[in-house]
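Enquirer: Residue numbers (full-length UniProt numbering), protein chains in the order written: chain A, 1 to 283; chain B, 1 to 365; chain C, 1 to 440.
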Amino acid sequence: MNTVVLIAVVLMAVLGLALGVVIGWFAKLFRVETDSRVELVTELLPGANCGGCGKAGCSDFAKSVVAGENPPSKCPVSSSEQISAIAMALGIDAGESFQQRAVVCCGGDMEQTKRLLNYNGVLDCVSASLVAGGPKGCSYGCLGMGTCAHHCPFGAIEMINNLAVVHRELCVGCGNCVAACPRGVIKLVPADADVHIYCNSPAKGAAKKQVCNVPCIGCRKCAKFAPDKFTVNGFLAAVNYQAEAFPTAEDVSAVGCPTGALLTVEEHLKIEQNEPEWSAGKK
Amino acid sequence: MSENEKNSEVMLPTGSELVLSSSPHLSSPDSVRRIMYKVLLALVPAAIAGVWFFGFYALVVMVVTMLFCVGAEALWCKLAGKPVMGTIADGSAAVTGLLLAMNLPPGVPLWVCLIGAFLAIWLGKQIFGGIGNNPFNPALVARVGLLIALPAIMTTWPVPRSFDSADPAAKITHATDTPVDSITGATPLGEVGTTKKILDKSEAAYANFQAVDNDAMLWKYFLGEKGGCIGETSVLALLIGGILLIALKLINWRVPVCYIGTVAIITGLVHFFYPGVSPSPLFHILTGGLMIGAFFMATDMVTSPITSTGCVVFAVGCGVITSVIRLWGNYPEGVSFSILFMNALVPLIDRWCSQRPFGYVRKRG
Amino acid sequence: MSKKDILTFDGGIHPVSDGKALSCNAPITAAPLLDKYRVLLSENVGKLPKPVVKAGDLVKKYQLIAEADGFVSANLHSPTSGKVTGIVDVPGPMGTLIPAIEIEADGQDEPCEPMPAIDWHKADVKELLKRTADAGLVGMGGAAFPTHVKLSPPPDKTIDTLILNGAECEPYLTADHRLMLEQPERVLEGAAISAKILNVKNVYIGVEANKIDAIEALGRRAAEFGIKVATLKVQYPQGSEKQLIMAITGRKVPTGGLPMDAGCVVQNVGTAAAMTDAVCRGIPLVERVTTITGEVVKNPGNWLLKIGTPVIKAIEFAGGVTAEPGKLILGGPMMGFAQKSFEVPVAKNTSGILLLPVELSMNYGSTGCIRCGRCVEGCPMNLIPCLLGNAVEAERFDLAAQNHVMDCLECGSCAYVCPAHRPLVQHMRRAKAEIRKRKK
């Protein structure tokens, strides 16, 4: 009996030793050289892997920062403190930070914009836009099926009454929604801009009015009020984001946009929040 | 134009009902539900045969198992927050239930059916995400689960009603119409399994399976008079159902043909060289679960390969494993195991047998 | 006819209701003159033509109103005489607003000086090609690809076969059928002219076997033009270029390639008929045969419509509707496009105006794939549509690309046969759009 136990113990010990040696040898053979600084920077980054910096993810970005290809400030998610922490750790310049936020340039929810038809198909904006341009009366506005919300890694986009709205405090400006939207209705704007033109349609004012209650009709009222803050291109006004100062909430009330396309971010969020009719089956 | 003169009578569309959708704007009238109901229809002949041979209790087992399966599905959907009615209405749970019942011994207690139903629907199907996502045939998962967990119950075979009315055993079984534990027979394959193999070509070797493998017995097997599961009995009834399935284009004919063909070839070769080891290939085809397996279980759309080439590979694999288990395995029967094993290989087979697009040109370099 | 003579391809489907009986016995009828036409500028694949008229101009019928801009672009001509009221945005067949030249008809329908007729037997290829371009010929079967471009293949491709596409495999459509039946000589002569331009000897006209009368009508005259009539099996999508070439010549167009890579040029029968008009009569392409049909159309039929006719007027010609339609489709039910508006004008490639009843219009209550493999059997391109659909649902467009989604014809066979009614074609379109976006 003792011999049996002995054999088992010895066998296991020898086997363990042999395998241990083999594993150790392989570990040496296939060792991956890592830069400890990359790991450090990766840890300091938010780890959301949103791709807003243009790299494949946070550790890819960390590599490029260590290699000196990108300044730490290229990360749109990190706060200025986090960025300076990275810069300090590496002993490099933080670079100039330029914070952006996404804004959905459309105010046409279920009530405001006509939906011409029953849509019978995949509830995804890209798919819907491939079927005769989508079921919405306006062919430039938000389709309202939530593809951008689905692609937002920070959950910053809410679908209210079939209109995408951005919660600015959650948005970091990574631009995933801009890439996801088939209609190009989402734009990245400077983070401290408070007022935007919530319309994206270059069509003629009369044509827009047929399908939408809140279009920009190109009346130039805003541009006349503050030519430095607003520009009008054809039938569509735009906030001049290159200007020294952005329009304020006071400006909005002073202009008195006749259709209500000129809104502050807060006002856009407060567009009537009714229960969406057809988003029940949303994926 | 007379129509145009009567312009006021021309009714023009307003567009109020217009639907926007992607092409194609027509779709075939077939649906998942219809497919399931057609499969149920194809199972009817075998079900009738089962009732004829094993009595009213077989019908009770089938109906109760179907109800249990539908119930298990409803319960899961309720717990998982899925639409209950929509899921049940597709008929897939009922098909699973009937298939499972057909793979149970005729005298099985009803509580075993309940366990089987939950095994099939919950473990076999719903935990993978419901219809279309299960890698294994749910009915077979349940059967194999029960076979391993409750081997005694699952291998107790009542003697079927006999065409020969003088058979006393049959009379007793049918007189009571309830499971008779005391009178149990063996399946033909079971008898083969317990027969001592003879590894030469002597007279004795040829006579080794004479008791179960002779013309009279083969006819009985074909018509259905043999011990076994409810649905396995009548090869004739299964063939009617199987041909119906092929005619309705519900299954790929390659699967049953290649499956049965492979079993016939392998057992045929063994029988030719070692007649004391294996009965004739015809015996193998007509007994056990091969027929129901080849026509109804291996052909399950969800768990068989998509392409026709893949189906051939799959069916041949099933045939090889079935033959191996039957000839050399511990179990007398290998159909369930072989199909489950090949189910596991389906993703790989699909990968190997993916077809080239029309006009495919291999890129150089 | 023996079964062997009927040609076909692998895959494909047989739609249960082909709906052709609604209109296949209605002779082609010329549409009455309207007071307003809106000729879409983007008739063709390629660049928009440049308008050469402005608001207030008086134009005659057949007068050039927009000029081809570049090589892959086609001329546009006025469908009637009258006054140009301007260039307006109208809903196009793809759902977007596109510019159109609006012409107010003066009711005279007075033609301008026609282009001189050409004796094509003697004319040289360059002259014929120039006429093709001048007359604004485009492919009238589907994509409206300019014909002069199609007929001038690059010199490194050897073309030895011209195939005329008279398959008309789309259910409901009968326009090509009536054209071949009523005016076979127009079709055949156009084919002969195209063959001369391409300098090919093998000319086939492929017709599905359900149009026996058209096959006979063509067969009586085909020999004198040196054209062979090929009878094709009734199977969708027999009229797809690649499948048609396979059925008739047995050649396979390589993936990602064009028919010319298999030595073939495929032309629609309507285009061939328009070719005859352009060359022998000097008349540009301003009208076409269109099937106006559907269960809810009062008098389904085949009409000779001027381009720029609003669809609502075309429906009026056909007696209006008997019930509110559930779907308006330009083209056939398998590959046609659902429309949002009845104001869409008829274009050079509008082969059909189809109004489906409401009960046929909501067809997707899609459930999960049950891996039945019917889409795989039905796919004429040998793809595995169900797996591609799964890849798209999981947004794995790389996987879709690997599995050759770009070879998809969007013929709709897979979605037609799918018992789970999955919107597979829409998935394919999405995959293609995403893959193209990523390549940029």
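No residue lacks a Cβ here, since even glycine has one placed at the ideal position from N, Cα and C.
#1: Is it the case that the segment 407 to 424 of chain C contacts the segment 17 to 24 of chain B, given that we only count it when at least three CB pairs across the two stretches are under 8 Å?
#2: Where does R356 of chain B fall in DSSP's three states?
#3: Answer with buried or exposed for H177 of chain C, where buried requires no fewer than 16 other C-beta atoms within 10 angstroms of its C-beta.
#4: Taking Cβ positions, are W120 of chain C and V279 of chain C nearer each other than 8 Å?
#5: Quick check: R101 of chain A and V165 of chain A, are their CB atoms within less than 8 Å of each other?
#6: By Cβ distance, which residues of its chain are closer than 6 Å to V311 of chain C, with the 5 residues on each side in sequence left out?
#7: Out of B:A46, B:G242, B:S280, B:A211, which has the shortest C-alpha to C-alpha gap to A298 of chain B?
#8: I'd like to know if Y206 of chain B contacts chain C, where contact means its C-beta is closer than 8 Å to some C-beta of that chain.
#9: Return no unless some Cβ of chain A is closer than 8 Å to the Cβ of S27 of chain B.
#10: Could you tell me which of B:I240, B:Q210, B:D30 sits nearest to N223 of chain B, measuring between CA atoms?
#11: Would you report the Cα separation of K136 of chain A and G326 of chain C, rounded to the nearest angstrom?
#12: Determine the closest residue to E377 of chain C out of C:I6, C:V289, C:I13, C:L258, with distance taken between C-alpha atoms.
#13: Enumerated in chain order, which unbroken segments of the alpha helix (DSSP H) with a length of 4 residues or greater are wholly contained in the segment 234 to 277 of chain C?
#14: Applying a beta-carbon distance threshold of less than 7 Å, which residues of chain C neighbour V65 of chain A?
#15: Using a Cβ cut-off of 8 Å (strictly closer), state whether V166 of chain A contacts chain B.
#16: With DSSP run on the structure shown, which of helix, strand or coil describes L170 of chain A?
#17: If we cut at 8 Å on Cβ distances, does Q126 of chain B have a partner in chain C?
#18: Roughly how many angstroms separate the alpha carbons of T158 of chain C and G263 of chain C, rounded to a whole number?
#19: Relative to chain B, which residues along the segment 156 to 184 of chain C have a C-beta separation below 8 Å, given in chain order?
#20: Which same chain residues, not among the five before or five after D350 of chain B, have their C-beta less than 8 Å away from its C-beta?
#21: Taking M94 of chain C as the query, report the chain A residues whose CB atoms sit under 8 Å from its CB, ordered along the chain.
#22: Count the other C-beta atoms from every protein chain shown that fall within 10 angstroms of the C-beta of P300 of chain C, then say buried if there are 16 or more, exposed otherwise.
#23: Taking three-plus beta-carbon pairs below 8 Å as touching, is the segment 217 to 228 of chain C in contact with the segment 389 to 396 of chain C?
#24: Beta-carbon of K440 of chain C versus every beta-carbon of chain A: anything under 8 Å?
#25: Relative to the alpha-carbon of P46 of chain A, which residue among A:L170, A:C75, A:A18, A:F230 has its alpha-carbon at the smallest distance?
#26: Take C216 of chain A and list the residues in its own chain whose beta-carbon comes closer than 6 Å to its own, dropping the five residues that flank it on each side.
#27: Residue range of the beta strand (DSSP E) that Q100 of chain A falls in?
#28: If the criterion is Cβ atoms closer than 8 Å, does the pair A347 of chain C and I307 of chain C meet it?
#29: Is V5 of chain A helix, strand or coil by DSSP?
#30: Looking at the unbroken alpha helix (DSSP H) that takes in L239 of chain B, where does it start and where does it end?
#31: Do I260 of chain B and residue 378 of chain B come within 8 Å of each other at the CB atom, strictly closer than that value?
#32: Taking 8 Å as the CB-CB limit, is N118 of chain A close to chain B?
#33: Check whether the segment 247 to 261 of chain B and the segment 227 to 237 of chain B touch, using three or more Cβ-Cβ pairs below 8 Å as the test.
#34: Classify P45 of chain B as helix, strand or coil using the three-state DSSP reduction.
#35: Using the C-alpha atoms, what's the distance from L199 of chain B back to H174 of chain B?
#36: Is the beta carbon of D398 of chain C sitting closer than 8 Å to the one on M381 of chain C?
Expert: On the basis of the supplied data:
#1: Touching, per the Cβ criterion.
#2: On the second sequence, position 356 is the one that residue 356 of chain B refers to. Coil.
#3: The residue labelled residue 177 of chain C in the question sits at position 177 within the third sequence. Of the other Cβ atoms in all chains shown, 16 or more fall within 10 Å of the Cβ of H177 of chain C; this residue is therefore buried.
#4: Indexing the third sequence from 1 puts residue 120 of chain C at position 120. Indexing the third sequence from 1 puts residue 279 of chain C at position 279. Contact flag set, yes.
#5: Taking the first sequence and counting its residues from 1, one reaches residue 101 of chain A at position 101. Taking the first sequence and counting its residues from 1, one reaches residue 165 of chain A at position 165. Cβ distance not < 8 Å, so R101 of chain A and V165 of chain A don't count as in contact.
#6: To locate residue 311 of chain C, count along the third sequence from 1; it is residue 311. Excluding positions up to five away in sequence, the list reads F342, V344, I353.
#7: Counted from its first residue, the second sequence places residue 298 of chain B at position 298. Comparing alpha carbon positions, the residue from B:A46, B:G242, B:S280, B:A211 closest to A298 of chain B is B:G242.
#8: Residue mapping note: residue 206 of chain B aligns to position 206 of the second sequence, counting from 1. No - not a single Cβ of chain C is within 8 Å of the one on Y206 of chain B.
#9: For this step, residue 27 of chain B is matched to residue 27 along the second sequence. With 8 Å as the cut-off, S27 of chain B does not count as an interface residue toward chain A.
#10: Residue numbering aside, residue 223 of chain B sits at position 223 when the second sequence is read from its first letter. The question names Asn, yet the displayed sequence has Leu at residue 223 of chain B. Taking only the C-alpha atoms, the option nearest L223 of chain B is B:I240.
#11: Walking along the first sequence from the start, residue 136 of chain A turns up at place 136. Walking along the third sequence from the start, residue 326 of chain C turns up at place 326. In this structure, the alpha-carbon of K136 of chain A lies about 17 Å from that of G326 of chain C.
#12: Along the third sequence, one-based indexing puts residue 377 of chain C at 377. Closest by alpha carbon: C:I13.
#13: List check, alpha helix (DSSP H) in window: 241 to 249, 269 to 276.
#14: Residue mapping note: residue 65 of chain A aligns to position 65 of the first sequence, counting from 1. Ordered by position in chain C, no residue passes the 7 Å Cβ test against V65 of chain A, which lies about 26 Å from the chain.
#15: On the first sequence, position 166 is the one that residue 166 of chain A refers to. The Cβ of V166 of chain A sits no closer than 8 Å to any Cβ of chain B.
#16: Along the first sequence, read from residue 1 onward, the residue named residue 170 of chain A stands at position 170. If DSSP states are grouped into helix, strand and coil, L170 of chain A belongs with coil.
#17: One-based indexing of the second sequence puts residue 126 of chain B at position 126. No, no contact with chain C.
#18: Your numbering for residue 158 of chain C matches position 158 in the third sequence. Your numbering for residue 263 of chain C matches position 263 in the third sequence. C-alpha separation (whole angstroms): 6 Å.
#19: Residues passing the 8 Å Cβ filter: P171.
#20: Against the second sequence, residue 350 of chain B aligns to sequence position 350. By the criterion of a C-beta distance shorter than 8 Å, D350 of chain B is surrounded in its chain by P305, I306, T307, G310, once the five residues flanking it on both sides are discounted.
#21: Here residue 94 of chain C corresponds to residue number 94 of the third sequence, with the count starting at 1. The contacting residues are A132, G133.
#22: The sequence position of residue 300 of chain C within the third sequence is 300, counting from 1. Flag for P300 of chain C reads buried.
#23: Segments in contact, no.
#24: Residue 440 of chain C sits at position 440 when you count from the first residue of the third sequence. Chain A contact via Cβ: absent.
#25: Translated into positions along the first sequence, residue 46 of chain A becomes position 46. Ranking the options by Cα distance to P46 of chain A, first place goes to A:C75.
#26: For the purposes of this step, residue 216 of chain A is taken as residue 216 along the first sequence, with counting starting at 1. Around C216 of chain A: I197, C199, L236, A237, A261.
#27: In the first sequence, counting from the first residue as 1, residue 100 of chain A sits at position 100. 100 to 104 is the span of the beta strand (DSSP E), which, as asked, contains Q100 of chain A.
#28: Start at 1 with the first residue of the third sequence, and residue 347 of chain C comes out as number 347. Start at 1 with the first residue of the third sequence, and residue 307 of chain C comes out as number 307. Contact: yes.
#29: Along the first sequence, one-based indexing puts residue 5 of chain A at 5. Looking at V5 of chain A - three-state DSSP - the assignment turns out to be helix.
#30: Along the second sequence, one-based indexing puts residue 239 of chain B at 239. 235 to 247 is the span of the alpha helix (DSSP H), which, as asked, contains L239 of chain B.
#31: In the structure as shown, chain B begins at 1 and stops at 365. Residue 378 of chain B is therefore absent and cannot be evaluated.
#32: Counted from its first residue, the first sequence places residue 118 of chain A at position 118. Chain B contact via Cβ: present.
#33: Segments in contact, no.
#34: Numbered from its first residue, the second sequence carries residue 45 of chain B at position 45. Note: P45 of chain B maps to helix in three-state DSSP.
#35: One-based indexing of the second sequence puts residue 174 of chain B at position 174. One-based indexing of the second sequence puts residue 199 of chain B at position 199. No answer about H174 of chain B holds up, because its pLDDT of 42 lies below 50 and its placement is not dependable.
#36: Counting from one through the third sequence, the residue named residue 398 of chain C turns up at place 398. Counting from one through the third sequence, the residue named residue 381 of chain C turns up at place 381. Result no, Cβ atoms of D398 of chain C and M381 of chain C do not sit closer than 8 Å.
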